[in-house]
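>
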Amino acid sequence: MELAFYVSRSLKRDFALALREEIRVLRREGLRCRLVAAGGLFRVKAAANSNNEKRYVRLRLGQAAGTFLARHALEIRA
2 MELAFYVSRS
12 LKRDFALALR
22 EEIRVLRREG
32 LRCRLVAAGG
42 LFRVKAAANS
52 NNEKRYVRLR
62 LGQAAGTFLA
72 RHALEIRA
């Protein structure tokens, strides 16, 4: 399974750190994940054994991305 995120240049480093932290948590839970970054495109590759694991990985990474983007949107507006 592969998920892709595109982030503008200004947020690239911070977004990569947020994704790496979430991937570290998923690895501790026994899921095999890795991050491949090229420019502003981030691809997370995950080996999931079941549909439940796929949904769980998508949910966790989606929440991490949503939290990151919401936090930075609030900082930009303030």
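Throughout the sequence shown, residue numbering follows the working numbering, covering 2 to 79 in sequence.
For every residue, glycine included, the Cβ atom is placed at its ideal position computed from N, Cα and C.
If you're wondering where the values come from, they're calculated on a predicted model, not measured in any experiment.
Within 10 angstroms of the Cβ of L20, are there 16 or more other Cβ atoms? Answer buried if so, exposed if not.
Buried.
> Report the CB separation of V8 from L32 in whole angstroms; it is logged as a contact under 8 angstroms.
Rounded, the Cβ-Cβ distance is 23 angstroms, inconsistent with contact.
> Per DSSP, which residues does L36 bridge with? Please list them.
Partner(s): V45.
> Take the Cβ of E23 as the centre, count every other Cβ of all protein chains shown within 10 Å, and call the residue buried at 16 or more, exposed below.
Flag for E23 reads buried.
> To the nearest whole angstrom, what separates the beta carbons of L70 and V45, a pair I think is in contact under 8 angstroms?
So it is not a contact: roughly 16 angstroms between Cβ atoms.
> With a threshold of 8 angstroms on Cβ separation, who are the neighbours of D15 within its own chain once the five nearest residues in sequence on each side are excluded?
Closer than 8 angstroms at the Cβ level, and outside the excluded window around D15, lie F69, H73.
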